[in-house]
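Numbering follows numbering that gives the first Met the number 0, with no gaps: position 336 of the first sequence is 335.
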Amino acid sequence: MKTIISPVKGTRDFYPEALALRQWLYGELARVSRAFGYQEYDGPFLEPMALYAAKSGEELVREQSFCFNDRGGDEITLRPELTPSLARMVAARQRQLPLPIRWWSFGPFWRYERPQKGRTREFFQWNIDLLGVESPEADAELAAVAATFLRNVGLKSSQVYLQVNNRRLLEAELTRLGIAPELRGMVFRLIDRRDKMRASEWEAYAADQGLNTTSIRGISQLLENKDLWTKSEELQAFFQAVKALGLEEYVEYDPTIVRGLDYYTGTVFEARDRDGEFRAVLGGGRYDNLVGDVGGDRLPGVGFAMGDVVIQLVLEKFGCLPSLRAAPAQVLVTTFGQGEVGASLDLGRRLREVGLLVEWYPTPDRLPKQLKYADQAGIRFAVICGPDESARGSVSLKDLAKREQIEVKVEVLAEEVRRRLLEATNA
RNA sequence: GUGGCUGUAGCUCAAUUGGCAGAGCACUGGACUGUGGAUCCAGUCGUUGCGGGUUCAAGCCCCGUCAGCCACCCCA
Numbered sequence: 000m001k002t003i004i005s006p007v008k009g010t011r012d013f014y015p016e017a018l019a020l021r022q023w024l025y026g027e028l029a030r031v032s033r034a035f036g037y038q039e040y041d042g043p044f045l046e047p048m049a050l051y052a053a054k055s056g057e058e059l060v061r062e063q064s065f066c067f068n069d070r071g072g073d074e075i076t077l078r079p080e081l082t083p084s085l086a087r088m089v090a091a092r093q094r095q096l097p098l099p100i101r102w103w104s105f106g107p108f109w110r111y112e113r114p115q116k117g118r119t120r121e122f123f124q125w126n127i128d129l130l131g132v133e134s135p136e137a138d139a140e141l142a143a144v145a146a147t148f149l150r151n152v153g154l155k156s157s158q159v160y161l162q163v164n165n166r167r168l169l170e171a172e173l174t175r176l177g178i179a180p181e182l183r184g185m186v187f188r189l190i191d192r193r194d195k196m197r198a199s200e201w202e203a204y205a206a207d208q209g210l211n212t213t214s215i216r217g218i219s220q221l222l223e224n225k226d227l228w229t230k231s232e233e234l235q236a237f238f239q240a241v242k243a244l245g246l247e248e249y250v251e252y253d254p255t256i257v258r259g260l261d262y263y264t265g266t267v268f269e270a271r272d273r274d275g276e277f278r279a280v281l282g283g284g285r286y287d288n289l290v291g292d293v294g295g296d297r298l299p300g301v302g303f304a305m306g307d308v309v310i311q312l313v314l315e316k317f318g319c320l321p322s323l324r325a326a327p328a329q330v331l332v333t334t335f336g337q338g339e340v341g342a343s344l345d346l347g348r349r350l351r352e353v354g355l356l357v358e359w360y361p362t363p364d365r366l367p368k369q370l371k372y373a374d375q376a377g378i379r380f381a382v383i384c385g386p387d388e389s390a391r392g393s394v395s396l397k398d399l400a401k402r403e404q405i406e407v408k409v410e411v412l413a414e415e416v417r418r419r420l421l422e423a424t425n426a
């Protein structure tokens with residue numbers, strides 16, 4: 000057995016069927032993004048490492064990015080996320096861009112982590128952001144974009160949903176419990192981990208982090224209070240807006256959601272399947288200081304990101320994956336014999352000239368083999384030109400789906416195929 | 001970075017206490033010499049991930065190594 004060089008760990012080969020699925024996903028999220036008035040953009044795939052050093056979260060850039068020095072010695076990172084690039088792009092043209100900014104993007108990202116279910120080292124991500132509006136209704140719009148996408152692709156609110164929380168509310172509550180602001184980062188991580196451990200383990204872990212029993216008990220109570228959101232005017236307005244947008248079935252308050260990235264300042268949310276089988280499908284929230292942090296004026300923003308891997312797992316689980324195949328050619332021009340090669344090439348050219356997608360069978364194999372190939376490839380029409388047709392100045396046109404065959408003059412072949420394809424599409 | 005599981009034909013997987021490496025699919029040819037999805041017949045397909053060890057005998061047991069998957073960490 001010959002050894003094939005294996006792909007880089009954590010990358011995926013996109014065979015035509017897989018690429019067709021990715022393109023379908025792209026189409027769906029483009030549709031939602033545009034429906035809400037967002038414009039497509041993109042940043043570079045390579046960024047200076049310094050762009051992430053500020054705010055992305057220590058571990059993300061230090062341990063989980065692909066970093067290297069270029070030939071000039073500069074520290075370069077393969078982008079692990081898009082939001083810092085967005086902040087920089089906006090900061091650079093802050094005076095020219097009319098507000099609000101509604102932008103979306105879909106492209107590749109890289110994170111140096113151990114691959115596992117729902118996580119690869121190279122993945123595609125949908126990013127969508129609204130900048131220049133600081134209101135709960137803006138937060139609600141992003142949640143609505145996410146929920147509308149989920150609904151559009153066929154996922155029911157009984158299957159997936161958005162969990163929402165607010166960091167300001169959480170911070171106020173922690174202050175009320177007498178927990179010092181310096182400890183917030185640690186406490187957020189603690190809260191994030193709550194549902195991964197048993198209560199006793201979690202309490203022991205919390206104590207280990209230096210929290211006293213009173214604080215731990217107070218935090219526990221916060222996390223069990225499903226009505227805590229009513230204390231936040233922001234969340235009240237948020238949920239009211241979500242209701243007006245008609246998506247309240249998909250959106251719920253969840254006091255345990257905090258999100259890992261350091262730059263979130265207000266409302267945060269993530270979407271997951273209700274069984275909790277998979278990791279989060281998407282995640283995002285409000286970040287009010289990011290543009291200022293990269294050298295611009297303060298500009299509030301809200302947005303989320305969705306990776307292509309988990310959403311595919313969820314779609315598969317709930318039977319929402321479309322049955323796709325790579326788009327086949329419309330016509331196969333067969334090659335009857337060595338003597339007919341020139342005629343076949345000529346026929347292919349004629350068909351392409353009227354805009355048809357034409358594949359040429361490159362060897363004079365037995366006709367059954369050529370037709371079987373057309374059938375398996377999903378090609379609708381086969382053109383056959385042997386000595387009999389040739390003598391009459393015509394060709395045989397076979398409709399693989401209808402199992403019909405007619406003989407037409409070479410001059411009218413292209414028009415005939417086009418007419419029949421149109422008919423087939425309308426039927 | 002830490003831990004667990006799995007590596008057998010192109011693919012999906014069998015192989016009893018260690019005892020002749022198999023099946024389905026796919027592929028190729030034929031039945032059918034210029035007409036595709038079915039059926040039947042025949043055929044090709046192996047360094048059992050790699051290296052060592054134990055044994056009369058290893059796909060199976062032991063050690064090492066590589067790869068993949070899963071979990072932790074973190075996160076889309």
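Ideal Cβ positions, reconstructed from N, Cα and C, are used throughout, including at glycine.
Is the beta carbon of residue j closer than 8 Å to that of residue i?
i, j, result
"Leu130", "Leu298", "yes"
"Thr255", "Leu227", "no"
"Leu176", "Ile127", "no"
"Phe108", "Leu28", "no"
"Ser90", "Gly294", "Looking at the sequence shown, residue 90 is not Ser but Ala. Yes, these two residues count as a Cβ contact at 8 Å."
"Tyr252", "Tyr286", "no"
"Ser322", "Thr334", "no"
"Ser64", "Arg21", "no"
"Val290", "Phe187", "no"
"Arg183", "Leu168", "no"
"Leu312", "Gly26", "no"
"Ala381", "Leu331", "yes"
"Arg324", "Ala19", "yes"
"Ala137", "Val31", "no"
"Ile215", "Glu202", "yes"
"Tyr40", "Trp102", "yes"
"Leu141", "Ala270", "no"
My understanding is that residue i touches residue j, with C-beta atoms under 8 Å, so please give their C-beta distance in whole angstroms.
i, j, result
"Ala49", "Pro135", "Ala49 to Pro135, Cβ: 33 Å. No contact."
"Asn288", "Thr264", "6 Å"
"Arg379", "Leu420", "7 Å"
"Gly341", "Pro363", "The Cβ separation is near 12 Å, so there is no contact."
"Pro43", "Ser84", "7 Å"
"Gly385", "Glu339", "7 Å"
Under the rule that 16 or more other beta-carbon atoms within 10 Å means buried, what is residue i, buried or exposed?
i, result
"Lys397", "buried"
"Pro79", "buried"
"Val163", "buried"
"Val152", "buried"
"Met0", "Summary for Met0: the model assigns pLDDT 40, below 50, so the residue's position carries little reliability; its value from the coordinates is reported in the next sentence. Answer is exposed; the Cβ neighbour count stays below 16."
"Val411", "exposed"
"Glu16", "exposed"
"Val394", "buried"
"Gly284", "buried"
"Tyr360", "buried"
"Asn45", "Looking at the sequence itself, residue 45 is Leu, so the reference to Asn does not match. Leu45 should be labelled exposed."
"Asp194", "exposed"
"Phe13", "exposed"
"Arg273", "exposed"
"Leu234", "buried"
Tell me where the alpha helix (DSSP H) around residue i begins and ends.
i, result
"Val309", "Asp307 to Lys316"
"Asn425", "Val409 to Asn425"
"Asn151", "Pro135 to Asn151"
"Pro435", "Past the edges of the chain, shown from 0 to 426, lies residue 435, and the structure says nothing about it."
"Ala52", "Ala49 to Ala52"
"Tyr431", "A query on residue 431 cannot be resolved here, the shown segment of the chain reaching from 0 to 426 and no further."
"Leu356", "Premise fails: Leu356 is in no alpha helix (DSSP H) and is neither H nor E."
"Thr212", "Thr212 to Glu223"
"Ala90", "Thr82 to Ala91"
Quick one: give me the first and last residue of the beta strand (DSSP E) that residue i is part of.
i, result
"Asp128", "Glu121 to Leu130"
"Gly283", "Leu281 to Tyr286"
"Lys371", "Note, Lys371: premise wrong, no beta strand (DSSP E); alpha helix (DSSP H) at Leu366 to Ala376."
"Phe65", "Phe65 to Asn68"
"Leu161", "Val159 to Asn165"
"Val330", "Val330 to Val332"
"Pro107", "Ile100 to Trp109"
"Leu77", "Glu74 to Leu77"
"Ile383", "Phe380 to Ile383"
Please confirm if the segment 113 to 122 is in contact with the segment 197 to 211, defined as three or more CB-CB distances below 8 Å between the two stretches.
The answer is no - the segment 197 to 211 does not touch the segment 113 to 122, with fewer than three Cβ pairs under 8 Å.
### Task
Decide if the segment 62 to 77 is in contact with the segment 21 to 38; the criterion is three or more beta carbon pairs, one per stretch, under 8 Å apart.
no
Discussion item. So, does the segment 349 to 362 touch the segment 302 to 311, judging by three or more C-beta pairs under 8 Å?
Written reply: With the cut-off at 8 Å, the segment 349 to 362 and the segment 302 to 311 do not touch.
- Message: Is it the case that the segment 142 to 159 contacts the segment 236 to 250, given that we only count it when at least three CB pairs across the two stretches are under 8 Å?
- Response: yes
field: Three CB pairs or more closer than 8 Å across the segment 408 to 424 and the segment 366 to 373
entry: no
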